[in-house]
Ligand SMILES: [Zn+2]
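In my numbering, the protein residues as written are 270 to 631.
Below you can see the structure in the form of C-alpha cells.
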C-alpha cells in the first residue's frame with residue numbers, strides 16, 4: 270500500500286512549509302487554500318488556528334472537532350552579532366544535540382527566505398571548551414552568510430525571526446518510507462485535508478470541524494482558544510508521536526510500520542473510555558494494525574478535553590523516528606491506515622454514540 274501522487278504532493282507542500290510556534294502563517298495559508306475547495310466555511314481564532322467547517326443539514330447538529338497542530342519546533346533569532354552570525358533561542362522541545370552542522374531556513378517578517386547552517390568553533394577548540402558530548406546552544410551560531418549585522422538587518426533579519434532545521438521531503442524505498450522535517454504535526458494537517466476529501470458529498474448528522482491549532486509545541490496554547498472557537502461536543506486529535514525502534518522496541522514506545530498508535534494514557538489527558546473502546550473495536554473489525562501506546566508527553570487533546578464542561582476526546586497518532594529534528598521518518602502504510610481509521614470512525618459517529626460517550630462515567 271503506497272501513497273498516491275496527489276497525497277505525496279500534499280505531503281511535500283505541507284511538510285516543507287515553515288511554521289515555528291507563533292508564526293504558522295505559511296502553513297495556515299496552504300491549509301486555507303485546500304479547505305476552500307472542500308468546506309462550507311472556514312473559521313479562525315485570533316492566534317491563527319484554522320478550521321474548515323462541513324455543515325450538516327440535520328436539525329440542531331452536534332459538533333465534532335478533528336484537530337491537528339500547524340506549528341513545529343524551531344528557533345528564533347535572539348541576537349545579531351557584529352560579524353553577521355546570529356544567536357538563537359529555542360521554541361518548543363528542540364534539543365541542542367541535534368543542532369551542530371544542521372542546515373537551516375530563516376524566514377523574515379516580509380517572507381524572505383534564507384538558507385544557512387549552524388556554525389560553531391573548530392572541532393579542536395570545541396574539545397577544549399566542552400567536556401560532555403553535548404555542545405550547548407551558547408557555542409552555536411546561526412550562519413546565513415551575512416557579512417555583518419548591518420548586512421543582516423538590511424535584508425530584513427530582526428530579533429524574533431523564525432528559523433527551522435531544514436529537512437527536505439524524500440520518498441524512500443519505492444514509497445514505503447517518507448523522510449522530512451515537520452511530520453509532527455503536518456501529518457495531522459495532511460490527514461485532515463484527506464478526511465475532508467473522503468467525506469466530500471457525504472451527509473453527516475453533525476457539523477464537522479477539521480483544522481489545525483497553532484502553538485502546540487509551546488504548551489497546547491492554540492488548542493485552548495481553538496476549542497473556544499469550535500465549542501466541540503466530541504474531539505479527535507491527530508498527532509505524530511516518537512517511535513523508539515532503532516534497537517527493537519517494546520510498548521509503550523512504537524515502531525514505524527508496526528501500525529497506528531492507540532494512546533490509552535498520557536501526561537495531559539485520559540481518553541474517554543467508551544469512545545476509546547469503540548475505536549479499538551473498529552480497528553479490529555477493519556483489520557487495521559495498531560500498537561497500544563502510552564506517552565509521557567501530551568497533545569492538544571490535553572487542552573481540548575478540558576475545555577468547557579469537558580469534551581470526550583480521542584487521539585489518533587502515528588509514530589515517527591527522530592521527532593523534533595529535521596529528519597523525521599514515517600511509514601507510508603501507517604499514514605494510510607490512520608486515514609482509513611479516522612475516516613471510518615468519524616463517518617460512523619451519531620448522536621446515540623455521543624450520548625454514550627458523554628455518560629461514560631454516569
Ligand atoms: Zn505534535
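Backbone N, C-alpha and C define an ideal beta-carbon position, used for all residues, glycine too. Here the structure is a predicted model, which means the values were calculated and not measured.
### Query
Would the beta-carbon of residue 491 fall within 8 Å of that of residue 510?
no
### Message
What residue range does the alpha helix (DSSP H) around residue 305 cover?
### Response
294-307
### Query
So is the beta-carbon of residue 609 under 7 Å away from any non-hydrogen atom of ligand 1?
no
### Query
Would you call the CB atoms of residue 597 and residue 450 closer than 8 Å?
yes
### Message
Considering only the alpha carbon of each residue, which of 580, 296, 593 and 570 lies closest to residue 586?
### Response
570
### For residue 516, the three-state DSSP class (helix, strand or coil)
coil
#### Entry: Beta-bridge pairing of residue 275 - partner residues as DSSP gives them
Residue 275 pairs with nothing; no bridge assigned.
#### Entry: Near ligand 1: residue 297 beta-carbon under 7 Å from a heavy atom
no
### Query
Less than 7 Å between the CB of residue 485 and some heavy atom of ligand 1, yes or no?
Taking the Cβ of residue 485 as the reference point, at least one heavy atom of ligand 1 falls within a distance shorter than 7 Å.
### Query
Taking just the CA atoms, how far does residue 611 sit from residue 595?
27 Å
### Query
With a cut-off of 8 Å, do at least 3 Cβ pairs link the stretch 461-470 to the stretch 382-402?
no
### Task
Going by DSSP, name the residue or residues bridged to residue 337.
The partner list for residue 337 (beta bridge, DSSP) reads 481.
### Message
Based on DSSP bridge pairs, tell me the residues matched to residue 396.
### Response
None; residue 396 has no bridge partner.
### Message
I believe residue 357 touches residue 432 by the beta-carbon criterion, under 8 Å. Please report the beta-carbon distance rounded to the nearest angstrom.
### Response
Between residue 432 and residue 357 the Cβ distance is about 6 Å, and since that is below 8 Å, they are a contact.
### Query
Okay, do the stretch 495-506 and the stretch 343-359 touch, 3+ Cβ pairs below 8 Å being the bar?
Verdict: no, contact absent.
### Task
Say whether the stretch 531-541 touches the stretch 552-564, bearing in mind that this needs 3 or more beta-carbon pairs closer than 8 Å, one atom from each stretch.
Judged by Cβ distances under 8 Å, the stretch 531-541 makes contact with the stretch 552-564, as three or more pairs qualify.
#### Entry: Cutoff 6 Å; reference residue 412; Cβ partners in own chain excluding five residues on either side
Excluding positions up to five away in sequence, the list reads 354, 385, 386 and 388.
### Message
Helix, strand or coil, according to DSSP, for residue 588 in the structure here?
### Response
strand
### Message
Does any residue of chain D have a CB that is nearer than 8 Å to the CB of residue 460?
### Response
The structure shown contains no chain D; it holds only a single protein chain.
### Counted within 10 angstroms of its Cβ, other Cβ atoms place residue 579 as buried (16 or more) or exposed
Classification for residue 579: exposed.
### Task
Mind checking who residue 383 pairs with in its DSSP beta bridge?
For residue 383, which the question treats as bridged, DSSP gives the partners 375.
#### Entry: Where the beta strand (DSSP E) containing residue 509 begins and where it ends
503-511
### Task
Give every residue of the same chain whose Cβ lies closer than 7 Å to the Cβ of residue 330, excluding the five residues on either side of it in the sequence, and list them in chain order.
474, 475 and 476
### Query
Just how far apart, CA to CA, sit residue 325 and residue 296?
27 Å
### Message
What would DSSP say about residue 598, mapped onto helix, strand or coil?
### Response
Residue state for residue 598 is assigned as strand, using DSSP reduced to three classes.
### Query
Which same chain residues, not among the five before or five after residue 593, have their C-beta less than 6 Å away from its C-beta?
342, 362 and 363
### Message
ligand 1 and residue 338: does any heavy atom of the ligand fall closer than 7 Å to the residue's C-beta?
### Response
yes
### Query
Any chance the CB of residue 458 is under 7 Å from a heavy atom of ligand 1?
no
### Task
For residue 537, verify whether its CB is less than 7 Å away from any heavy atom of ligand 1.
no
### Task
On a CA-only basis, which of 286, 337, 271 and 621 is nearest residue 478? Give me that one, please.
337
### With 16 other Cβ atoms within 10 Å as the buried cut-off, status of residue 617
exposed
### Task
Pull up the CB-CB distance for residue 434 and residue 367, whole angstroms please, since I reckon it's below 8 Å.
Between residue 367 and residue 434 the Cβ distance is about 7 Å, and since that is below 8 Å, they are a contact.
### Query
residue 464 to residue 624, Cα distance in whole Å?
24 Å
### Message
Taking a contact to mean a Cβ-Cβ separation below 8 Å, would you say residue 494 touches residue 318 in this structure?
### Response
yes
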